[in-house]
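One structure below.
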Amino acid sequence: MKKWWTATGLAAAGAMMLAGCSGSDGGSSSGGDGDETTLTAWAWNVNVGALEDAMALYQEENPNVKIEVEDIGRLDVYDKLSTGLAAGGVGLPDIVLVEDDRIGGYAQAFPDGFVNLSDMGFEDNADLFPTFKQELATVNDSFYAMPFDAGPGGMFYRRSIFEEAGVSPDDIETWDDFLEAGKQIQEATGVAAMPLDKFNDDPTFRMMLNQLGTYYFDENGNIDLTSPEAVMAMEKQMEFEEAGLIKEVDGWNGTVSATIDGSVATIPFGAWYYGTIIDQAQDTSGDWGVFLLPAFEEGGNRASNLGGSSWMIPSGGDNEEAAYDFLEFFSTSPEAQVIAMEDYGLFPSLNSAYEEEIFTSEDEFFGGQKIWELFADEMADVETPYYTEDYAIGLDEAIKAQADSFNGTPPAEALQAAAERLAERTDREINN
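Structure follows, in structure tokens:
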């Protein structure tokens, strides 16, 4: 591995601006045949380098194409994108990175704001990606985004803590198994099972919902927070709280601190958390491993996803075809995707990338485990979460329900109240 940075891919809680628009004016210049074309793009953090490296590969066959990437904060991208779309596309780039939980919302709020990629032929590439990434990138049966990275879920664990407690990850198949293992670990070592910012974020709950094939909303856009699966997930999380197995942390930095100091035995997160571990806990090399999230019942689904993003092309610019050609290359090139993973920790969603050597190689930092093979094998079984354009509001209410549960409200009641507030805020129906 060459270089890694911290990246969460977690959704923000701010609701996007909802306004219609026409096409964009584009943000780059291009010449005729033989002239140079300069694409413009908005992205953040490690995605900037990945995009630039992909362009370097692309230029081997397309030397007249260049890219200028503006590195701006994730939330700033959305602020500028919403403002530009509402203004009819003024000032927008040729390419923009958008997290998967926002694709549908943008495409529905601004139906003329982005290029229909199916009309340009991207439909022919659909089967190159896992089903859930295909579905997240499509709106009304058309592609409006090209799949990029993903966040297959796993339980990052400390080998030394498990060994001291006499616990084997191979014996943990269900959440009940993990609950008992957590008790054994705490009794032997005094270490909590997992961290959680109880009152401000719900990543574990989200992964549990995804495992169970549900989410805040269903495929029809109805509110699903009161489903038996959602109640079961929140109740299971509370079982860990009642057993004293959850370490309360303060935001992202608190989770990282617990990772470094060994006060938790596991961290349930997306594959991208690997980069944080090897960057922030460098003196723990060899002491880490990963196993899949436990299932809710023996033989049940253990696949989940947390985070991920895709590329969109604002419509009306001068370089739509050039942007499409470059992004199609980037999205479907195993070489480009593996570079993005090796250099920047961006787990690919391109199926053919999983055939590359890195996915069968042992990772020394993780005790020689073939962790990327584990994550790659999981991708085909990930259920599609249905975000809708009201995802940010759904996230807000789900976190409130979690907070109420930790404050003593029975999970079913907390989720019912959250669903009712969500219905009032969005005018959506609640599933019975």
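FYI, numbering that gives the first Met the number 0 numbers position 194 of the sequence shown as 193, with every residue one higher than the one before it.
For glycine and all other residues, C-beta sits at the position ideal for the given N, C-alpha and C.
Inset, instruction - Output the boundary residues of the alpha helix (DSSP H) element that contains LYS79. - result: 73-85
Legend entry - Rounded C-alpha distance that separates GLU320 from PHE128: 22 Å
Legend entry - ASN318 burial status per 10 Å Cβ neighbour count (16 or more: buried): buried
Inset, instruction - Would you decide whether GLY393 is buried or exposed? Buried here means 16 or more other CB atoms lie within 10 Å of its CB. - result: buried
Legend entry - Inter-residue Cα distance where the pair is GLU363 and GLY288: 10 Å
Inset, instruction - Output yes or no for whether 9 Å exceeds the beta carbon distance between ALA136 and SER309. - result: yes
Inset, instruction - Give the straight-line distance between the Cα atoms of MET193 and ILE66, rounded to the nearest whole angstrom. - result: 42 Å
Legend entry - Cβ-Cβ distance between GLN107 and VAL138 below 9 Å: yes
Legend entry - Cut-off 8 Å between Cβ atoms - residues of its own chain near GLY13, not counting five sequence neighbours on either side: Only weak support is given to the placement of GLY13: the predicted model assigns it a pLDDT of 36, under 50, and the value that follows is read from those uncertain coordinates. Contacts found: LEU74, TYR77 and ALA391.
Inset, instruction - Any chance you could list the alpha helix (DSSP H) runs of at least 4 consecutive residues sitting entirely within the segment 108-190, in chain order? - result: 130-135, 158-164 and 174-188
Legend entry - Pairwise C-alpha distance: GLU218 and SER117: 21 Å
Inset, instruction - Would you kindly check if the distance between the Cβ of ALA352 and the Cβ of GLN336 is under 9 Å? - result: yes
Inset, instruction - Return the residue from the list GLU382, LEU80 and SER284 that minimises the CA-CA distance to GLU69. - result: LEU80
Legend entry - 8 Å contact criterion, which GLY153 and LEU421 should meet: CB distance rounded: That pair is no contact at about 29 Å.
Inset, instruction - For the alpha helix (DSSP H) holding ILE66, just list the boundary residues, first then last. - result: First-last for ILE66: 64-70, but that is the beta strand (DSSP E), not the alpha helix (DSSP H).
Legend entry - Neighbour-count burial assignment, ALA144, 16 or more Cβ in a 10 Å radius: buried
Legend entry - For GLY88 and PHE147, the rounded distance between their alpha carbons: 23 Å
Legend entry - Residue nearest to GLU179 in terms of C-alpha spacing, selected from PHE198, THR36 and GLU238: GLU238
Legend entry - Beta-carbon spacing of ASN304, GLY269 below 9 Å: yes
Legend entry - Length of the line joining the Cα atoms of MET0 and TRP271: Reliability of the predicted coordinates at MET0 is poor, the pLDDT of 34 falling under 50, and no value is obtained from them.
Legend entry - Sequence-distant residues of the same chain with beta carbon closer than 7 Å to PHE346, five excluded per side: ASP148, ALA149, GLY150, PRO151, ALA270, TRP271, MET340 and PHE374
Inset, instruction - Report the residue from ALA302, ASP403, THR331 and GLY307 whose alpha carbon sits nearest the alpha carbon of ASP380. - result: ALA302
Inset, instruction - Put LYS235 into one of helix, strand or coil per three-state DSSP. - result: helix
Inset, instruction - Check whether the Cβ atoms of ASN430 and ASN209 sit closer than 9 Å, and answer yes or no. - result: no
Inset, instruction - Identify which residue in GLY407, ASP123 and ASP342 has its Cα closest to the Cα of GLN236. - result: GLY407
Legend entry - DSSP-derived helix/strand/coil call for TYR452: Nothing can be reported for residue 452: it is not among the residues displayed for the chain, which extend from 0 to 431.
Inset, instruction - Note down, in chain order, each residue of its chain lying with its Cβ closer than 7 Å to the Cβ of ASP426, except the 5 sequence neighbours on either side. - result: none
Inset, instruction - Could you tell me if GLN281 is buried or exposed, where buried requires 16 or more neighbouring beta carbons within 10 angstroms of its beta carbon? - result: exposed
Legend entry - ALA264 in three-state terms, based on DSSP: coil
Inset, instruction - Under 8 Å by Cβ, that's how I've got VAL64 and PHE325 pegged, so tell me the actual separation to the nearest angstrom. - result: 6 Å
Inset, instruction - Give a yes or no on contact between the segment 40-59 and the segment 84-102, applying the rule of three or more CB pairs nearer than 8 Å. - result: yes
Inset, instruction - Give the straight-line distance between the Cα atoms of PHE109 and GLY90, rounded to the nearest whole angstrom. - result: 16 Å
Legend entry - Rounded separation between LYS399 and TYR57 - CA only: 46 Å
Legend entry - Secondary structure of PRO293, DSSP reduced to three states: coil
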